[in-house]
Amino acid sequence: MTRNRAPVNFALIGCGRISRNHAAALADPAVGGRLVAVCDVVPERAKELAAQTGAEAYTDYARMLARDDVAAVSVCTPSGLHPEHGILAAEAGKHVVCEKPIAIDLESCDRLISVCRSRKRRLFVVLQNRLNATMRLLKGAIDRGRFGRIYGVHAQVLWQRPQGYYDQAPWRGTRALDGGALLNQASHYVDSLVWLGGAVAEVTAFTGRLARNIECEDSGAVVVRFRSGAIGSINASMLVYPRNFEGSVTVLGEHGTVKLGGIAINRFEKWEFESYDDDDKLVVESNYEPPNVYGFGHTAYYRGVVEALSNGGEPDTDGMEGRRSLELILAAYKSAAEGRKVMLPL
Ligand SMILES: NC(=O)c1ccc[n+]([C@@H]2O[C@H](COP(=O)([O-])OP(=O)(O)OC[C@H]3O[C@@H](n4cnc5c(N)ncnc54)[C@H](O)[C@@H]3O)[C@@H](O)[C@H]2O)c1
Numbered sequence: 054m055t056r057n058r059a060p061v062n063f064a065l066i067g068c069g070r071i072s073r074n075h076a077a078a079l080a081d082p083a084v085g086g087r088l089v090a091v092c093d094v095v096p097e098r099a100k101e102l103a104a105q106t107g108a109e110a111y112t113d114y115a116r117m118l119a120r121d122d123v124a125a126v127s128v129c130t131p132s133g134l135h136p137e138h139g140i141l142a143a144e145a146g147k148h149v150v151c152e153k154p155i156a157i158d159l160e161s162c163d164r165l166i167s168v169c170r171s172r173k174r175r176l177f178v179v180l181q182n183r184l185n186a187t188m189r190l191l192k193g194a195i196d197r198g199r200f201g202r203i204y205g206v207h208a209q210v211l212w213q214r215p216q217g218y219y220d221q222a223p224w225r226g227t228r229a230l231d232g233g234a235l236l237n238q239a240s241h242y243v244d245s246l247v248w249l250g251g252a253v254a255e256v257t258a259f260t261g262r263l264a265r266n267i268e269c270e271d272s273g274a275v276v277v278r279f280r281s282g283a284i285g286s287i288n289a290s291m292l293v294y295p296r297n298f299e300g301s302v303t304v305l306g307e308h309g310t311v312k313l314g315g316i317a318i319n320r321f322e323k324w325e326f327e328s329y330d331d332d333d334k335l336v337v338e339s340n341y342e343p344p345n346v347y348g349f350g351h352t353a354y355y356r357g358v359v360e361a362l363s364n365g366g367e368p369d370t371d372g373m374e375g376r377r378s379l380e381l382i383l384a385a386y387k388s389a390a391e392g393r394k395v396m397l398p399l
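In terms of our numbering, the sequence shown opens at residue 54 and continues consecutively.
Below, the structure is given as structure tokens:
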């Protein structure tokens, strides 16, 4: 039992919006972790999170990494900095919990994976949506073959991100540190596509910056052919009037149709199969109201992290799992930029 063990000590870099979810997860006694150090280049941010959590505040990452009581570092900095911060942590002997997306290019992603491997440090990529009760039911139905042959997997991310959201931090929407709707906001949905539909063979995409004053896209449409022959799509828009409208994944199969929707895959809108299964009774009770589009998943995710670190287990979503959606998104960007279909692997 996690609760009877000494807690696993974590440090965190990047004390912005998502750091709160990490801190809340580590404050939950059932998780078995403890946040002991936090770092940000903006001293006030580090101090504020430190004051809320009882951790020690740092502005110098190297000094924080020199602490020998830290087992793992949670990387919550802008996406383009994840590999650099993860690599420094692994080189200092720490395990790495990396926010999504793992990176914004494959070269630095592969460097991070390879340094963690060579240093024998575990690399966890926070893909917490896979742990939602709704998502687990859907994945279970696929794994047990209830759909028969899968014909299609389709994701919609129809949200609203006003200009003020992008203006909150200079890295948002930039090519160097973020990417656009597909790489940032829709990345969990792209992950669902590859997790549920399997490997992708080819991709065609359009992206556009239709309304926001940012470098990358605020809208994108992607069509994929899976290696299985199934056809899939991702539709992402950050321009939905007047607020977040839909975050959904639909699976079309020979013997079943499921749409997992709501604003952030929190509610089954359709669950219909040819044959009965006891899971059918769980569908209504697995629906939930999320506090925001990030859901509750960080706490469940950290439970798995602490479990793996304490028992020598492997991450559920490691660097290679994080790489799958990144590769698909980069293929979509390439297709949109070059006006042609792109084959995977890149
Ligand atoms: N898993 C999820 O559902 C989820 C949700 C939101 C964000 N995220 C990811 O989390 C990451 C952070 O997003 P956010 O919304 O919290 O951003 P944010 O801008 O609110 O926070 C980033 C923080 O990093 C700090 N920082 C920047 N450079 C640094 C450096 N070199 N050293 C130390 N600190 C530095 C900034 O000062 C800022 O406080 C992004 O990669 C994003 O994609 C994941």
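Note that the Cβ used here is the ideal one computed from N, Cα and C, for glycine as well.
For residue j and residue i, believed in contact at Cβ under 8 Å, the rounded distance
i           : j           : result
residue 291 : residue 212 : 6 Å
residue 169 : residue 67  : That belief does not hold up - the Cβ atoms of residue 169 and residue 67 are roughly 18 Å apart, past 8 Å.
residue 287 : residue 358 : With 8 Å as the limit, residue 287 and residue 358 do not qualify as a contact, their Cβ atoms being about 28 Å apart.
residue 301 : residue 208 : 7 Å
residue 162 : residue 379 : 6 Å
residue 92  : residue 112 : 7 Å
residue 187 : residue 318 : 6 Å
residue 206 : residue 283 : 7 Å
residue 355 : residue 79  : 6 Å
residue 141 : residue 114 : 7 Å
residue 191 : residue 246 : Rounded, the Cβ-Cβ distance is 12 Å, inconsistent with contact.
residue 60  : residue 87  : 4 Å
heavy atom of ligand 1 below 7 Å from residue i C-beta
i           : result
residue 295 : no
residue 222 : yes
residue 233 : no
residue 179 : yes
residue 126 : no
residue 93  : yes
residue 341 : no
residue 378 : no
residue 260 : no
residue 153 : yes
residue 116 : no
residue 68  : yes
residue 130 : yes
residue 382 : no
residue 363 : no
residue 207 : no
residue 176 : no
residue 319 : no
residue 266 : no
residue 237 : yes
residue 120 : no
residue 79  : no
residue 75  : no
residue 134 : yes
residue 148 : no
residue 241 : yes
residue 228 : no
Exposed unless 16 or more other CB atoms sit within 10 angstroms - verdict on residue i
i           : result
residue 215 : exposed
residue 376 : buried
residue 364 : exposed
residue 217 : exposed
residue 85  : buried
residue 336 : buried
residue 221 : exposed
residue 312 : buried
residue 329 : exposed
residue 226 : buried
residue 342 : exposed
residue 233 : buried
residue 95  : exposed
Sequence-distant residues of the same chain with beta carbon closer than 8 Å to residue i, five excluded per side
i           : result
residue 123 : 62, 63, 64, 89, 90, 117, 147
residue 373 : 166
residue 322 : 301, 312, 313, 314, 315
7 Å Cβ shell around residue i - same chain, five flanking residues per side excluded
i           : result
residue 370 : 177, 178, 180, 183
residue 72  : 65, 102, 129
residue 144 : 168, 172
residue 293 : 211, 212, 213
residue 228 : 268, 269
residue 54  : Legend: pLDDT at residue 54 = 44, less than 50; position of this residue unreliable, no value from coordinates given.
residue 398 : 380
Chain-order list of residues whose beta-carbon lies under 6 Å from that of residue i (same chain, five-residue window excluded)
i           : result
residue 132 : 154, 157, 231
residue 199 : 309, 326
residue 277 : 253, 256, 285
residue 258 : 275, 385, 388, 389
residue 298 : 211
residue 138 : 66, 128, 130
residue 203 : 283, 306
8 Å Cβ cutoff, residue i in contact with chain B
i           : result
residue 216 : Included in the structure is just one protein chain, with no chain B present.
beta-carbon residue i near ligand 2 non-hydrogen atom, thresh 7 Å
i          : result
residue 72 : Looking for ligand 2 in the displayed structure turns up nothing; the ligands present are ligand 1.
The stretch 252-268 contacting the stretch 157-176, beta-carbon criterion three pairs below 8 Å = Not touching, per the Cβ criterion.
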